[in-house]
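Structure representation (structure tokens):
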């Protein structure tokens, strides 16, 4: 029924999905850290703009955002580049996909990280300031490590969402797992089998992620048990 | 069969890149990554082969473009062209007045009749009266979608699918009563195991040049007139030097260029 | 009666002035300019032609949202409950149901149900003779089914936590008063669990709204499909998408507002 070799396509699609998810997740966390700091310590205009960003991204379907950013985003960048006298750049599908999902992820992780920073006992930050730590050192040594245990459950959830959101890129024709499955299924007509196999692959990815997440959570909380005793 | 095709396509690609060495000018050709046999067929290695892939490569080689196939979903092809994500569309896109408002077309490179396919268990033809009360499936944003809306107003429902393959799939599943598409694409479906089991050709629809257009051309941006001239010359070139016929013979027993 | 009304008015006025800081006026001005520019320089001539279809699409989106949320929540209650108190042969399947649905993309589930199951129909001709066939033929039952299952799995997970979080002592006290198990569930356990789950309902329902456009890929004509149709037949790219984003923003705003009102009406002492 199904010619040998289509399994390889699905695995390649899975690899692409993981790659996009990892890229989008990293961008999302960086946007999230910047966004959270902007929301907490930024000026009123910055704070309102960030509020607008997180509200819009969390209210509009990812599919619509992906289409808008995928077509409009690259067009806009190129028009700006041309307006300033630079060469057009060629943004390939992979980069565009990663950036678009990264922007979506960024809105959610802004909220997660903001909440986590607010959960840090204020005394810790004040103590560090009293010791004369510079803002950069404070961020690196105190704020980021201290907020981690509070942020990890939310961030872990965002990773799981990122892996599943990659499927939406099938709608813009990117060769990730869902699109590869669709192509394989439509060529071999074995729709049932291929969708089942793809589902199993996504599930394995989630279960594997859960194992890793449990370990990371344990590691991040290692200092906290002592406090509670 | 597929293997020989693959080798042929690979050889052609090699030849194309060899010819393009002299004056390699990149041209990004957009196509929809969906199975549309025999024009676009995916193989298990993730490569695209088929009549249109070979013709695209032949046209590029003749016009001395270094072509790169860029996958874009069908309904995003024209926006991708106008926003310069791609430079040309070679995806069985019919030349129509409606599309000409946004983009330009080269001369046609093939033209075949439009047909209606339905389940074997029922007998009807491709007339508006016969399709009264039927559920017709078409691919979105195609000439067929427009044709069906204009000529079959009495259809019970017109369902629009992302790909023609999904419409075929639902026809086999019995969810729709008929589908309208390009005859060659439908014939490929009818030749498959699934198509043989469920469906047969009901007939050809009446001609409507305004909607169905004079054939399939290469979609281009309006301002790229130089590219258009080179591609038109290349289409004529491969028609004259026998390349077109050579490729066509591998897939069809008849002339797909049309009158 | 007049006094509290004026007090409230003054209070509202103070809050408004607090909200309307100088930089916000600037931001609003920029926003208005952008909207005016969009209205003047972008193409909206297609709007009158698609007006009716768009309203139909919005109606269908809302309809799917409400039906799947209600059905999904009704499923989520037993799914959450059996995982806390049920026998193994119920709790294990419920656990795996949640894991599988939450571990795979909704788009894939939808395509699996619609095209995957659809591809089996030709092999089993008796399906076409069954009384279910008129429904199996159409696309919306698959859309409703997969969105319902998705909502049930996500909310089921929430309900599991909510049921587990109700203090044991309350249930034991209710039993000690001689209430039957069913009565304890109906009067004590369920209301408290729902109250605990309520804050997550807003978020889950907004997420559900954001999932509805996926049904357009299986030929259900919701508001997203209407926007795609405009995009495809007029080749105008941005305007329909922008308007679509605004429509979803409005629906989300209404949802959040409605849920806030609902939460405010539920007495706080329940928890």
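Protein chains in written order, with our numbering: chain A, 21 to 249; chain B, 1485 to 1743; chain C, 15 to 285. Heads up, the beta-carbon is just placed ideally off N, CA and C, and yes, glycines get one too. All of these numbers come straight from a predicted model, not from anything done at the bench.
Residue i - partner residues in DSSP beta bridges
i	result
residue 1553 of chain B	B/1513
residue 60 of chain A	Looking at the DSSP assignment, residue 60 of chain A forms no beta bridge with any residue, so it has no partner.
residue 1643 of chain B	B/1621
residue 1524 of chain B	B/1520
residue 1532 of chain B	B/1526
residue 1683 of chain B	B/1603
residue 1598 of chain B	B/1666
residue 1700 of chain B	B/1578, B/1594
residue 1573 of chain B	B/1514, B/1703
residue 1588 of chain B	B/1704
Chain B within 7 Å of residue i, Cβ atoms only
i	result
residue 126 of chain C	no
residue 145 of chain C	no
residue 135 of chain C	yes
residue 198 of chain A	no
residue 130 of chain A	no
residue 233 of chain C	yes
residue 55 of chain C	no
residue 271 of chain C	no
Cβ pair residue i, residue j closer than 7 Å
i	j	result
residue 1667 of chain B	residue 1610 of chain B	no
residue 1535 of chain B	residue 1728 of chain B	no
residue 186 of chain A	residue 47 of chain A	no
residue 1518 of chain B	residue 1711 of chain B	no
residue 72 of chain A	residue 59 of chain A	no
residue 228 of chain C	residue 89 of chain C	no
residue 194 of chain A	residue 122 of chain A	no
residue 103 of chain A	residue 252 of chain C	no
residue 1480 of chain B	residue 1644 of chain B	Any property of residue 1480 of chain B remains undetermined from this structure, which presents chain B solely from 1485 to 1743.
residue 126 of chain A	residue 52 of chain A	yes
residue 135 of chain C	residue 1701 of chain B	no
residue 218 of chain A	residue 133 of chain A	no
Expected contact under 8 Å - CB spacing of residue i and residue j to nearest Å
i	j	result
residue 1638 of chain B	residue 1604 of chain B	That pair is no contact at about 23 Å.
residue 1513 of chain B	residue 1574 of chain B	5 Å
residue 175 of chain A	residue 229 of chain A	Incorrect: roughly 12 Å between the Cβ atoms, too far for contact.
residue 127 of chain C	residue 156 of chain C	5 Å
residue 1540 of chain B	residue 1703 of chain B	Actually they do not touch by this definition, with Cβ atoms about 12 Å apart.
Chain-ordered chain A contacts of residue i [CB-CB under 9 Å]
i	result
residue 266 of chain C	75, 78, 79, 80
residue 263 of chain C	75, 76, 79, 80
Beta-carbon neighbours of residue i, restricted to chain A and to distances below 7 Å
i	result
residue 38 of chain C	68
residue 1563 of chain B	91
Interface residues of chain A facing residue i [CB-CB closer than 8 Å]
i	result
residue 35 of chain C	64
residue 259 of chain C	76, 80, 84, 85, 88
Chain C within 7 Å of residue i, Cβ atoms only
i	result
residue 1503 of chain B	Unreliable placement is indicated for residue 1503 of chain B, whose pLDDT of 47 sits below 50; the coordinate value is still reported in the next sentence. No, residue 1503 of chain B lies away from the interface with chain C (no Cβ there is under 7 Å from its Cβ).
residue 59 of chain A	no
residue 1702 of chain B	no
residue 1559 of chain B	yes
residue 45 of chain A	no
residue 1576 of chain B	no
residue 184 of chain A	yes
residue 1643 of chain B	yes
residue 1506 of chain B	Only weak support is given to the placement of residue 1506 of chain B: the predicted model assigns it a pLDDT of 49, under 50, and the question is left unresolved by the model.
residue 100 of chain A	no
Closer than 7 Å to chain A by CB, residue i
i	result
residue 1519 of chain B	yes
residue 1690 of chain B	no
residue 1556 of chain B	yes
residue 1567 of chain B	yes
residue 1678 of chain B	yes
residue 252 of chain C	yes
Proximal chain C residues relative to residue i, where beta-carbon distance stays under 8 Å
i	result
residue 227 of chain A	113, 117
residue 114 of chain A	Within 8 Å Cβ-Cβ: nothing; residue 114 of chain A doesn't reach chain C, min ~19 Å.
Chain-ordered neighbours of residue i on chain B, where CB pairs are closer than 9 Å
i	result
residue 207 of chain A	1519, 1521, 1525, 1526, 1527, 1528, 1649
residue 132 of chain C	1653, 1654, 1656, 1657, 1658, 1659
Cross-chain neighbours of residue i in chain C, by beta carbon under 9 Å
i	result
residue 234 of chain A	Per Cβ cutoff of 9 Å: no residues; residue 234 of chain A is ~14 Å from chain C at best.
Residues that residue i contacts on chain B, provided the C-beta gap is smaller than 8 Å
i	result
residue 239 of chain A	What residue 239 of chain A touches in chain B: nothing, since even the nearest Cβ is about 38 Å away.
residue 36 of chain A	Residues of chain B passing the Cβ test: none, with the nearest at roughly 11 Å.
residue 211 of chain A	1653
residue 94 of chain A	1567, 1569
Listed by chain order, chain B residues near residue i by CB distance under 7 Å
i	result
residue 192 of chain A	1557, 1560
Neighbouring residues, chain C, relative to residue i (Cβ below 7 Å)
i	result
residue 222 of chain A	117, 118, 119, 122
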